[in-house]
Structure formats: C-alpha cells, structure tokens
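The structure under discussion appears below in the form of structure tokens.
Residue numbers (our numbering), protein chains in the order written: chain A, 47 to 238; chain B, 2 to 388.
Structure follows, in structure tokens:
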C-alpha cells in the first residue's frame, strides 16, 4: 500500500464512521420519540398547574334576543380534553357571571362525560335536567345547543354531542327535540 | 361561461339599468322584482318574485348562476339584505329584450335545483354545497315536479285529501309546558286542534284526523304512525312554547332538520347490504325494525314541501296575530321525523310569558291562531297542490 491509498482508505473510514454515527443516533431518536407520549394517558390525571389557566367560551341566553351569547371563562390548564370538557359543562351549569340567563334547571348536574375516537362527546346529565325542565321547544333548543355549541366550539376533537340522562338514552327532554342521535353544533344560534 | 366581452356588457348593462330605474321610478305602477335569500340547514334558497309574468332560462357557471329573464320594460328591484353561506351577491345585465341576473356564489362546488310557484309567481332556486347531484336530490326533484309547476308548465299535483292535526302532549304524565297561572300546554293544544279541525272541515272537502281528541297520552312515534296509516297529505303539530327567557314571545313554525337523519340513512344502507343481519333479526321482530327505519327517514323526502308549508303558516301567523316574527327554523323534532308527508310544528305563543299565557286562554286569541293556521294551509294548498 502506498501513502495515497492509505489516505483514501482512511478518508473512507472516517466517512463511514460519521455516517454510522448519524444513522444510529437518528435511529435511537426515532425509537425514543414514540416512547414519550405526546399527551399523557387520560387515566392519570395531571394536577392542574397552579396559576395556569385556559380560556373557554360558554353560551348562555339573553333577554335581548333568541340567540346564544358567548361568555369567556377561565378554567385550570390541563392537557386532557375530557377533563376540560367536564370543567366546561360544570361551569356552564353554574351559570353566567355577566347576568346572562342559564338554559338549565338549577338542580341539573353533570354525572359523566366521555369522548370517543370518532369525536362524539357523550354528556350524561342527572335526571333533574328532564324533571325540572320547562318543556317547551325553545327551552329545549337552548339547553341542548348551549351544551353542544359550548363543547364543539372549544374543543377541536369534539365534533358531535350525544346527550344522556342518568346514564341512559332518552327520546327527548320534554317531548320535542330528538335526543336519540348525536347533535352537530348550530353556530347560527350564536349572537355575533 | 362569462367572456370578457360579456363581463363588460354586464357593467354597461348595470349602468343602463340604473339609469332606467332612476327614470322609471317616477311612475307608480312600475313592474318590480323582489329578490330574497334565506339559508337553511342544508341549502340556501333564492326567491325571485316578479310582479310580471315570468319566462326564464337558467345557466350554471363555475361560481355563479345566470338567470335570463325575458322582459323588455324596465322594472324595479327590491332586494332584502342577506347573509348567506353560499350566495355571495347579485348582478344585473341588460340585453335587448331580456335581463340577466347573475347570482354569484361563495363556493365553486355547488349544485342547484329550481321550481316555480304560482299566485304569486315565484322562481325558487335552491343552492347546495357540493357539485354532485345525489340520488336523494333527484327523488325530491321528481317529487316536487308532481306538486308544483316547472318553467310555466301547469302542474298536476296530488290532491290534499287528509290532514292530520297533532295536539302536542296529553295525559296525566305529559302535560307539556306550564304557565305561571297554571295553564297547561296540553289543554291549549287540544282546544286549538279541535277548533282547527272544525274550521278546515267547514271550509274544505278534506278529512281531518286528530292524533288525540281527549286528554290522553300518545307516544311521539304513534303520532307519526297515525298520520301514516291515515295516509295524511299534510301533518300539523300544534304546540305552545316555553323559554328560560321571561321576555320570549311570538309564534314560530318549525320543520325538520335533517342532520339527525344521516345516521338512520347509514343504518338502512347497512341493513340493505347485510341482509343476513336482518334475517337474524336485530333486537326482535325484524319486519317492524325495517318499517321503523323507513318511517324514521320518511320526512327527509318532504323537506322542501314542509319548508313551504312552514312559510305559508308563519306568514299568516305574523300577519294575523301581529306577533313578533320569530321566523321558521329547522330543528330535529322527534314527532316530525317519521311523518311521510309535508309536516310542520307550530309553536303558537309562549306560555312562559304571563301576557301570552293570558292571551292563550282567550277565545279570540285561540280563534285568531286557528284562523291563521287555516289560512296558511289554504294558501299552501292553493299555491302548491291541486284543489
């Protein structure tokens, strides 16, 4: 071997080592990324970061018109859509802080809420939402669409909302609007 | 397609039209043409209502629709302000003996369907998002062909023989909404339904069937079933409204929102493609199951007619009662989904509003409401169906 050949071989060796290092480290990187989940699993609730909040928009009624009026509300920051959706509905049932009208009987409670992979939120209310309801078309429309719009508006992963009462499917709240299928939001009902 | 030359012709036309209009406005008895746009859940509707006989041609462009209207005299245009998902704006071009109305759309992919209504003449053009004409569309179109005239041809429509009136709620367990003074929705709806039956039968040779004529409970599905087994040609559900808002007042007429029907349609398609499941019987008597599914979808074939019935009734309610116009809306009402004919739900007034509750108890108000609904039905029959 002459000096020139050694130099070429040496150069090739260095290139090979560099390529190998790049190849393997990038390989390790690829393997590591999926091992750290982008979002923590729903079963392990993260304690809310003290001080950190997220703004959600809730929809209420007003004496002004027949539309749903937006009201912003701060809820503790949290990476779980389900927990944020629950907090949103709990805040919605609590009522407005700006004097808007609540489209819920005051006795109504949220029992459970879950979201499917297909983007359907199942919202389970206590039976008071039916028993204490006003039973009129307009009253039903405002109750249903304040829930549906408040969820779909704030959370991209919620497309449709299915309303359950006491863990079960129900035909209507008070004899009018069909609850047996999921609702899409009706943004036409929102005041601008 | 609009060429550049046509486009400049359009501008000149618009200027010409403006000049003609400003000169013509001196005259009182000038012909006019009214344009209105209204959005529904699934389509946007443009209504062209001329005061003169209408002869027209329609041509579709990539993001506009041209309506060539044959007329050689100037006319006034009345346009209502609108905000539509699909319709962007209107433009006018004048030809020698015609005008061209350009309806510009916000989207490129749209389909349209149109029909003509007589007395007064109206050209109704419905715009739908998406370029494809679905099979369902064509079904509705052929259905409409049989009930309204198209391009000036005289229609031969189905006769209205049976009207089913549905007094909302009923029975001890389902009183419906309740007023401050203790008035129950179920009593008012029954009183109104009995009066309406009486008025219709006295004035028209039609059979009127009530889904209940006493204070009994009838399930929502059975109300639709009563309509279908009686071969109803029109279905009118009468309700009294209630709201969390104290100030809520006025009457409102609803027809079905179809978003709710999508899932059922998919289920039916599934059953058609998987007959084995049907034979095995999903949850009991499979024939009943299929019948129920079909009935659940029944109303989807009548949405356009239902929208027209809702409009004629609401028009009369606004006119006669002088109540605040709450308009017509598309909402998935359970009672309407299974009805296989044009169907509406009328919310007469708000029992949650003490003023309106008091009114609802009076004979004159009840008679006025019945009169208004009757006139709405009459005008629907006169305009869209053969007597």
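The beta carbon of each residue, even a glycine, is placed where N, CA and C say it ideally should be. None of the values given here were measured: they were computed from a predicted structure.
Rounded to the nearest whole angstrom, the C-alpha separation of residue 208(A) and residue 194(A) is 8 Å. Listed in chain order, the positions of the segment 213 to 226 of chain A with a beta carbon within less than 7 Å of a beta carbon of chain B are 217, 218, 221, 222, 223 and 224. The beta-carbon distance between residue 104(A) and residue 172(A), rounded to whole angstroms, is 19 Å. This is too long to meet the 8 Å contact definition. Straight-line spacing of the CA atoms in residue 337(B) and residue 99(A) works out to 44 Å.
Less than 8 Å divides the Cβ of residue 186(B) from the Cβ of residue 352(B). Counting along the chain, residue 181(B) sits inside no alpha helix (DSSP H), nor does DSSP assign it H or E at all. Residue-level contact check: residue 185(A) touches chain B, since one or more beta carbons of chain B fall below 8 Å from its beta carbon. With respect to residue 174(A), residue 153(A) sits close: the two C-beta atoms are nearer than 8 Å. Beta-bridge partners assigned by DSSP to residue 34(B): 51(B) and 78(B).
DSSP lists 256(B) as the bridge partner or partners of residue 331(B). For the set 185(A), 146(A), 97(A) and 221(A), the Cα lying nearest the Cα of residue 118(A) is the one of 146(A).
When 302(B), 79(B) and 104(B) are compared, the shortest CA-CA separation from residue 59(B) is found for 104(B). Residues of chain B whose Cβ lies closer than 8 Å to the Cβ of residue 149(A) are, in chain order, 245. Close CB contacts of residue 382(B) within its chain, under the 6 Å cut and outside five residues either way in sequence, are with 161 (chain order). Within chain A, the residues 223 and 224 have their CB atoms less than 7 Å from the CB of residue 333(B), given in chain order.
Relative to residue 215(B), the option among 191(B), 130(B) and 50(B) whose CA is nearest is 191(B). Close to residue 107(A), with beta-carbon spacing below 7 Å, are these residues of chain B in chain order: 245 and 246.
In the structure shown, residue 224(B) falls within a helical segment according to DSSP collapsed to helix, strand and coil. The C-alpha of residue 109(A) lies about 10 Å from the C-alpha of residue 115(A). In the DSSP assignment, residue 206(A) forms a beta bridge with 166(A). Here residue 203(B) is exposed: its Cβ has fewer than 16 other Cβ atoms, across all protein chains shown, within 10 Å. As the crow flies, the alpha-carbon of residue 144(A) is around 30 Å from that of residue 218(A). Within the DSSP bridge table, the entry for residue 65(B) names 105(B) as partners. Against residue 338(B), the close residues of chain A are 224, in the order they occur along the chain (beta-carbon pairs closer than 9 Å).
Approximately 5 Å separates the beta-carbon atoms of residue 44(B) and residue 127(B); this is inside 8 Å, confirming the contact.
Residue 233(A) and residue 41(B) have their C-alpha atoms spaced approximately 13 Å apart. By the CB criterion at 8 Å, residue 206(A) and residue 230(A) fall inside the cutoff. Taking the beta carbon of residue 178(B) as reference, the chain A residues within 8 Å of it are 180, 181, 182, 185 and 220, listed in sequence order.
The three-state reading of DSSP puts residue 156(A) in strand, counting E and B together. In the three-state reduction of the DSSP assignment, residue 204(B) falls in the helix class. Residue 45(B) is bridged by DSSP to 40(B) and 128(B).
Rounded to whole angstroms, the gap between the alpha carbons of residue 209(B) and residue 232(B) is 11 Å. When C-alpha distances from residue 303(B) are compared across 52(B), 322(B) and 340(B), the shortest belongs to 340(B).
With respect to the C-alpha of residue 228(B), the residue from 211(B), 218(B) and 240(B) having the closest C-alpha is 211(B). Ranked by how close their Cα comes to the Cα of residue 102(B), the residues 360(B), 49(B) and 87(B) have 49(B) in first place.
Nearest in C-alpha terms to residue 358(B), of all of 219(B), 321(B) and 247(B), is 247(B).
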